Each structure stands twice: as structure tokens, then as C-alpha cells.
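Trainee: Pasting a structure here, questions to come.
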Amino acid sequence: MPVDDFVPRPMPEPERRAAASPRPQAPNRPSKNVYRARRAVVGGIAVVVLLVVGVVAYGAWRWSSVARTEVDLAEPLDGSAENWLVVGSDSRDSIAAGDPDASAFIGGNEATGGRRSDTLVLVRIDPGSEQVHLMSLPRDLWVPIARTDERERINTAYSYEDGPQRLIDTIEEDFDLDIHHYVEVDFAGFEAIVDAVDGVPMDFEVPVRDANSGLVVDQAGCRTLTGDEALAFARSRHLEYRDGSTWQEEPSGDLGRIARQQQFMLAVFDRAASRVRGADLGAANGLIGAVVDHVTLDTQLDMGRAVQVARRFADLGTGAITTHALPVVPYTTPGGASVLRLDHDQAQPVINIFRGLPADDLPAHQVMLRVLYDPTEQATAATVSDALEGKGFVVTET
């Protein structure tokens with residue numbers, strides 16, 4: 007079964023489809039079609055958070071209460087496209103093990119304490135084309151970590167003392183792109199956002215469960231997920247579905263979790279945007295509270311820009327959002343860990359969107375050149391080589 011077949015259909019908001027890039031490969035899949043699914047499955051949490059950030063800016067009297075983090079970011083040009091990094095963080099220090107909903111935050115057998123990035127989404131806002139592009143980065147993606155000699159899962163960068171900056175630098179270096187804004191939301195904020203819009207109706211074709219996250223949907227049909235249920239669903243990495251009288255494990259792991267999580271959050275976006283457009287003051291106040299208490303922004307993001315982003319999302323709707331899955335392949339590390347590696351050839355067209363390049367272009371540092379010259383023009387050849395290297399190209403022996 008395809009990864010996105012394990013995503014229930016949002017109800018009752020009208021279904022909208024967005025173009026999607028080729029999906030990551032998934033391991034052996036069961037044949038039964040468990041869920042009705044849409045193709046737009048990546049990046050919804052980012053859409054919701056950015057919309058809500060703008061809602062807080064509308065409530066200007068609370069803007070100064072939002073937590074800020076000082077990070078070095080690329081400076082966007084006026085009117086140009088911007089890349090936002092949205093991080094769903096698992097801040098466990100504030101979660102008591104005795105909390106009845108603790109399993110949804112920390113997993114059934116995991117200890118409290120510490121933090122990690124659980125969801126990483128790149129958002130490209132292009133005012134020229136009036137399009138928004140979103141790409142989720144699997145947390146098990148095996149990459150070099152900035153300012154180290156180590157390769158680790160990409161979410162490991164967030165666990166360093168300078169977590170947000172290390173994560174930004176790692177993504178910029180590994181994908182050769184710029185990040186202009188940083189937004190972080192913890193999972194208590196996720197729950198608060200869902201509750202602020204009175205839950206999200208979803209249509210389950212079969213019962214599902216996950217003992218690790220605490221998810222239990224014991225009957226098929228339409229069910230409005232509350233905040234804690236939505237969190238358990240979004241955190242699910244060991245999903246089981248009932249096939250007749252037996253329970254079957256859904257095999258796609260983190261890729262399946264990404265698909266379910268982001269599809270659900272697109273449904274939350276529909277719900278939140280409709281409430282904001284409909285001047286639902288109760289929902290707006292709840293959304294403002296969710297952001298003030300649970301969202302961290304970079305210090306460069308001012309109130310005016312946040313309002314612009316909110317208006318763009320609310321006006322364009324999900325029809326203007328193009329979602330992209332990052333092409334990856336399974337990989338076993340020398341230490342025996344099962345992770346994912348970037349499929350470089352397949353990934354370039356997708357990553358180029360966030361670089362502002364045509365799909366078939368390569369960044370300069372991936373292009374190797376050799377300067378050929380007449381022996382009498384050696385000085386000129388050296389000048390040309392220096393100029394090419396200055397542009398980022400790799401010049402081999404001339």
C-alpha cells in the first residue's frame with residue numbers, strides 16, 4: 007500500500023489537491039486500500055503555523071509576548087522569494103511522565119527530559135508567482151552535521167547546545183540553499199491549535215491504533231480528533247490497522263508518519279483558515295494563545311511581515327500550495343542503524359525550487375570544470391580559473 011494510503015480523508019471541509027513531486031520509496035506495502043487519500047501530504051504543519059503567526063500579529067498587543075531566538079539567517083531581497091524553516095520540536099522538559107497524555111508526547115517507552123526536532127519543513131513563499139512550496143525533511147535523513155566531522159540523522163543537529171543555529175547551518179550546507187526565517191512550535195502548541203478550531207473531522211475507513219503514541223481509533227467512520235488525539239496520530243510511527251479480525255502493522259515507518267502528519271495538518275489549515283476568514287473571534291483568540299505560549303520566532307521576523315504571510319495563506323488557500331516529497335533511499339549505517347539517504351539525482355529538481363533555480367540546473371559547487379588553453383596564454387588561463395572558482399565552480403587541473 008502506498009505511504010499516503012494511510013492518511014484518512016478530512017471531513018467535512020472540501021477536498022483540494024496540490025501537485026506533488028515524486029514520493030520517497032517505501033518498503034513492502036500491504037495491498038488493501040485502507041484510507042482514502044489526497045496527494046498533498048507534505049508540509050501542512052508549516053502552513054498552519056505561519057497562518058497562526060499572522061493571526062498573532064493581528065492581535066498586536068500580544069506580539070511582544072512571543073518567544074524569540076537569535077540566529078544568523080540569510081537576508082532576503084525586497085520582493086524576492088523566501089525560505090522559512092518550520093520546526094516541530096519535542097520539548098520534553100515540560101512533560102510529566104504521570105501526565106495521562108504523556109505517551110502522545112514522549113512515546114510509550116521513552117524517558118522525559120531533553121528536546122529534539124520531530125518535524126522539519128521547508129516553506130518557500132514566492133510573491134512573484136503567488137505560490138507556496140513545502141518540503142518535509144525526514145528526521146532519519148543521514149547527513150553531515152555542520153561544524154563537525156560527523157554524519158548523523160538530520161534532527162541530531164537540533165540536540166546541540168546551539169540547536170536552532172546548528173540545524174539551520176546543517177540544512178543550508180547540505181542542500182546548498184538559504185534560510186530566511188525560522189519558526190519553532192512545540193507539540194503542546196500543536197494540541198492547542200487543534201483544540202482552538204474545535205478539533206478536526208477525519209474519515210477512517212478502518213480502526214487504527216499505536217500503543218507507543220497512545221492512538222486508539224476503535225471504529226471506522228468519521229471522527230473529530232481532539233488535540234490530544236491529533237497529537238497521538240501525528241506522532242505515530244508504529245501504526246497498526248485492523249484487517250478483518252487481525253491487526254496489521256503499517257510498514258513505512260517515518261515516511262508514513264510524515265505523510266499522515268502533514269496530510270492531517272493540511273486539514274487543520276483548512277479548518278483554521280475558514281475560522282479566520284469567518285471572523286470566528288473565539289477561534290482566533292485560541293490560536294493567538296497557542297502561538298504566544300508555544301511558538302518561537304527568529305528576531306528578524308517583524309509584525310508587518312507576519313501579517314503579510316497570514317493574508318497570503320488565508321487568501322490563496324491550499325490550492326496555491328505545492329507540496330514536495332524529498333526523494334530518499336533506505337540506508338544502513340556502518341554502525342547498523344537503519345536511516346535514509348538523499349537520492350541526489352532524483353532530488354535535484356525538487357531542491358532547486360528552494361534554491362530559486364530551474365529544475366535541471368546544478369549548483370555551482372557540483373559542477374567540475376577544466377580550463378584548456380594555449381601554452382602562450384597561461385596567465386589568462388589562471389585568471390579565468392580564479393574567476394570561475396570565485397563563482398563557486400570546482401576547477402580541476404588546467
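Each residue of the sequence shown is one higher than the one before, counting from 7 in this note's numbering.
Here a beta-carbon is modelled for each residue, glycine too, at the ideal position from N, C-alpha and C.
Quantities reported herein were computed from a predicted structural model and do not represent experimental measurements.
1) Could you tell me the alpha carbon to alpha carbon distance between residue 157 and residue 181, rounded to whole angstroms?
2) Candidates 317, 386, 361: which alpha carbon is nearest residue 280's?
3) Do residue 126 and residue 346 count as a contact pair if the criterion is CB distance below 8 Å?
4) According to DSSP, is residue 76 helix, strand or coil?
5) Taking the C-alpha atoms as reference points, what is the distance between residue 242 and residue 218?
6) Can you give me the C-alpha to C-alpha distance between residue 39 and residue 290, rounded to a whole angstrom?
7) Short check: CB of residue 335 to CB of residue 351, under 8 Å?
8) Cα separation between residue 247 and residue 75?
9) Leaving out five residues before and five after residue 176 in sequence, what residues of the same chain have Cβ atoms less than 7 Å from its Cβ?
10) Here's the rule: buried if 16 or more other CB atoms are within 10 angstroms of the residue's CB, otherwise exposed. What is residue 376?
11) Opposite residue 401 in the DSSP bridges: which residues?
12) Going by Cα to Cα distance, which pick from 128, 139, 359, 299 is closest to residue 197?
13) So the beta strand (DSSP E) residue 140 belongs to, where does it begin and stop?
14) Just curious, the beta strand (DSSP E) that residue 6 is in, first and last residue?
15) Would the beta-carbon of residue 192 fall within 8 Å of that of residue 95?
16) Going by DSSP, which residues form a beta bridge with residue 210?
17) Buried or exposed, going by whether 16 or more other CB atoms sit within 10 Å of the CB of residue 381?
18) Could you give the DSSP three-state label for residue 345: helix, strand or coil?
19) Residue 384 lies in the alpha helix (DSSP H); which residues open and close that run?
20) Where does residue 170 land, buried or exposed, given buried means 16+ other C-beta within 10 angstroms?
21) Kindly list the residues whose CB is nearer than 6 Å to the CB of residue 173, restricted to its own chain and excluding five residues on each side of it in sequence; keep chain order.
22) If you count every other CB in all the chains shown that lies within 10 Å of the CB of residue 90, and 16 or more means buried, which is it?
23) Look at the alpha carbon of residue 142 and the alpha carbon of residue 330, and state the distance between them as a whole number of angstroms.
24) Report, in whole angstroms, the separation of the C-beta atoms of residue 130 and residue 139, which I expect to be a contact under 8 Å.
25) Within a Cβ cutoff of 7 Å, which residues of the same chain sit near residue 212, ignoring the five residues on either side of it in sequence?
26) Applying the 10 Å Cβ sphere with the 16-neighbour rule, what's the burial state of residue 385?
27) Could you tell me the alpha carbon to alpha carbon distance between residue 312 and residue 187, rounded to whole angstroms?
28) Output the distance between the C-alpha atoms of residue 339 and residue 166, rounded to the nearest integer angstrom.
29) Based on DSSP bridge pairs, tell me the residues matched to residue 261.
30) Quick one: measure Cβ to Cβ for residue 332 and residue 189, integer angstroms, because I've assumed they're closer than 8 Å.
31) Assuming the contact rule is C-beta atoms closer than 8 Å, residue 266 and residue 206 should be a hit. Round their C-beta distance to whole Å, please.
32) Contact check, residue 245 vs residue 214 under 8 Å by CB: the rounded distance?
33) What separation, rounded to the nearest whole angstrom, lies between the Cα atoms of residue 389 and residue 378?
34) Contact defined as beta carbons within less than 8 Å: I believe residue 296 pairs with residue 199. What is the distance between those atoms, to the nearest angstrom?
35) Over the uninterrupted alpha helix (DSSP H) stretch that includes residue 202, give me the two end residues.
Mentor: The short version:
1) 14 Å
2) 317
3) no
4) coil
5) 7 Å
6) In this predicted model, residue 39 has a pLDDT of only 34, less than 50, meaning its place in the structure is not dependable enough to derive any value.
7) no
8) 41 Å
9) 149, 151, 152, 160, 163
10) exposed
11) 375
12) 299
13) 137-143
14) Because the chain spans 7 through 404 in this model, residue 6 falls outside it and cannot be assessed.
15) yes
16) 227
17) exposed
18) strand
19) 384-396
20) buried
21) 163, 164
22) buried
23) 7 Å
24) 4 Å
25) 40, 226, 247, 248
26) exposed
27) 11 Å
28) 21 Å
29) Paired residues: none, contrary to the question.
30) About 19 Å separates the two Cβ atoms, so there is no contact after all.
31) Wrong, their Cβ atoms sit about 13 Å apart, outside the cutoff.
32) 6 Å
33) 12 Å
34) 5 Å
35) 193-202
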